[in-house]
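Trainee:
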Amino acid sequence: MKKIIICIMGIISLLSLSLSAYAGNNMFIDDNFDEVLMLNHWVDDTGRGSKQIETDGSNNYLAMTASSSFFNFQAKDVYATKRLYFSADIKFTESNMEIQLRQSRDISASGFIMAGRLRKNLYYIEYFSNGTYYKLNDINGKWLQMKDISKWYTINMVLDIPTNTYSILLSEKDTGKTIGEAQNIPFFGKCDYINYFAFSSSDKLCVDNVKIEEIDTDSIRISGAFYPQITKNASKNYTYSVLAKDENNSEFIVDGVSWSLNRQAKGVSINEKTGELTIEPTAKPGIFIIYAKNILYPDIKKSLLIDIER
1 MKKIIICIMG IISLLSLSLS AYAGNNMFID DNFDEVLMLN HWVDDTGRGS KQIETDGSNN
61 YLAMTASSSF FNFQAKDVYA TKRLYFSADI KFTESNMEIQ LRQSRDISAS GFIMAGRLRK
121 NLYYIEYFSN GTYYKLNDIN GKWLQMKDIS KWYTINMVLD IPTNTYSILL SEKDTGKTIG
181 EAQNIPFFGK CDYINYFAFS SSDKLCVDNV KIEEIDTDSI RISGAFYPQI TKNASKNYTY
241 SVLAKDENNS EFIVDGVSWS LNRQAKGVSI NEKTGELTIE PTAKPGIFII YAKNILYPDI
301 KKSLLIDIER
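In the numbering used here, the protein residues as written are 1 to 310.
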């Protein structure tokens, strides 16, 4: 009797599309600042900051400015216990800035546990782990230096609360080129939830397209044949898809998926864009793993073990 083996994994890596239509997901912030009312989503808990919507051509963004010392503009109504995703476009100045995520009783210095913390300190981007700041490396393994403040950049973070780890991806907004990353960074302390997110700076800080959401990846799965067949005289195709559940618990096909196999083998291939698996007559029987990765959230990565038979 055949045994069906399914391997489904959620791997922390990194990255950004709204999946808030999925069952169990919570969209806390989704601000492109085209509406003035979006300013109400951000509250300065220090009293030292001011906020306004500014325009660059046809694009609106949030500009936060400090009157003295650092401000902390906190996002309203964030509370996550699973996996929290943050993404935003950001424009730095020469001054220092921070992004903080905490489990917080209140806003006092002693009333919280730090989960994720990212800061610009002089020319460097640093992240916080176990009570120490570490410099973010570029793609060549060297310390990343942010000397060009004329550009917009995109920051993506995923915080896995059950494992108390987080990951960071920094890229150029216009090109999408990755310029720095760090993965599986331990939180400073044990956090059961995250309910505090804030931007902080001693000068001006501009942000746009801010998304903060909690995603339940357990409801996502790969659908397709477990036992593809090798035929004698012609190739055979099998279609795979990623399914998720909506608010009504109905399954739908997820778009924007990149497909791959765990190894190369003669006569076996999968279309990266469509998920169509092709088995040629020259293929040999064997075990393969099909990987499906969300293009804009690469950390949402599912896999399915298949057994190719003759």
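Quick reminder that beta carbons are idealized off the backbone N, C-alpha and C, glycines included.
#1: Is it buried or exposed for residue 263, if we count other Cβ within 10 angstroms and need 16 for buried?
#2: Quick check on residue 284: buried or exposed, where buried means 16 or more other Cβ atoms within 10 Å of its Cβ?
#3: Hey, how far is the Cα of residue 89 from the Cα of residue 60?
#4: Measuring alpha carbon to alpha carbon, tell me which residue in 277, 203, 195 is nearest residue 229.
#5: With DSSP as the reference, label residue 16 as helix, strand or coil.
#6: Give a yes or no on whether the C-beta atoms belonging to residue 158 and residue 83 are separated by under 8 Å.
#7: Between 290, 96, 94, 48, which has its C-alpha nearest residue 73's C-alpha?
#8: Can you list, in chain order, the residues of its chain with a C-beta nearer than 8 Å to that of residue 173? Leave out the 5 residues immediately preceding and following it.
#9: Is it right to say residue 44 is buried, meaning 16 or more other beta carbons lie within 10 angstroms of its own, or is it exposed?
#10: Where DSSP assigns a beta bridge to residue 181, which residues make up the other side?
#11: Measuring only the C-alpha atoms, how far is residue 261 from residue 282?
#12: Within this structure, are the beta carbons of residue 34 and residue 41 separated by less than 8 Å?
#13: Quick one: what does DSSP say residue 146 is sitting in, helix, strand or coil?
#14: Grouping DSSP H, G and I as helix and E and B as strand, with all else coil, what is residue 308?
#15: Could you pull the start and end residues of the beta strand (DSSP E) that residue 48 belongs to?
#16: Alpha carbon to alpha carbon, what distance is there between residue 62 and residue 200?
#17: Please report how far the alpha carbon of residue 28 lies from the alpha carbon of residue 212, in whole angstroms.
#18: Below 6 Å CB to CB, which residues in the same chain sit around residue 368 once its five sequence neighbours on both sides are set aside?
#19: For a quick check, are the C-beta atoms of residue 219 and residue 190 less than 8 Å apart?
#20: In angstroms with no decimal places, state the Cα-to-Cα distance between residue 66 and residue 215.
#21: For residue 254, does the three-state DSSP call read helix, strand or coil?
#22: Looking at C-alpha atoms only, which residue of 26, 86, 70, 76 is the closest neighbour of residue 209?
#23: Please work out which residues of its chain come closer than 8 Å, Cβ to Cβ, to residue 265, disregarding the five sequence neighbours upstream and downstream, and give them in chain order.
#24: With a CB to CB cut of under 6 Å and the five nearest residues on each side skipped, what residues in its chain are close to residue 310?
#25: Does the distance from the CB of residue 96 to the CB of residue 119 come in under 8 Å?
#26: Looking at C-alpha atoms only, which residue of 54, 161, 51 is the closest neighbour of residue 103?
#27: In chain order, what residues of the same chain lie with their CB nearer than 8 Å to the CB of residue 243, ignoring the 5 residues before and after it?
#28: Report the CB separation of residue 136 from residue 182 in whole angstroms; it is logged as a contact under 8 Å.
#29: Provide the residue span of the beta strand (DSSP E) that contains residue 324, from first to last.
#30: Assign residue 268 to buried or exposed, taking buried as 16 or more other Cβ atoms, counted over all protein chains shown, within 10 Å of its Cβ.
#31: Apply the 10 Å Cβ neighbour rule to residue 166 and answer buried if 16 or more other Cβ atoms are within range, or exposed otherwise.
#32: Starting from residue 100, follow its DSSP beta bridges and name the residues at the other end.
Mentor: From the atom records:
#1: exposed
#2: exposed
#3: 12 Å
#4: 277
#5: Residue confidence is low: residue 16 scores 30 on pLDDT, short of 50, so the model does not pin down where it sits. Its coordinate-derived value is still stated next. Residue 16 falls in the coil class under three-state DSSP.
#6: yes
#7: 48
#8: 89, 151, 152, 153, 154
#9: buried
#10: 169
#11: 17 Å
#12: no
#13: coil
#14: strand
#15: Taken as a continuous stretch (DSSP letters only), residue 48 belongs to no beta strand (DSSP E), as it is neither H nor E.
#16: 13 Å
#17: 6 Å
#18: No information on residue 368 is available, as it lies outside the stretch 1 to 310 that the chain covers here.
#19: no
#20: 33 Å
#21: coil
#22: 86
#23: 283, 284, 286, 288
#24: 230, 285
#25: yes
#26: 161
#27: 220, 221, 222, 223, 251, 252, 253, 254
#28: 6 Å
#29: Nothing in the structure corresponds to residue 324, since the chain is present only between 1 and 310.
#30: buried
#31: buried
#32: 117, 198
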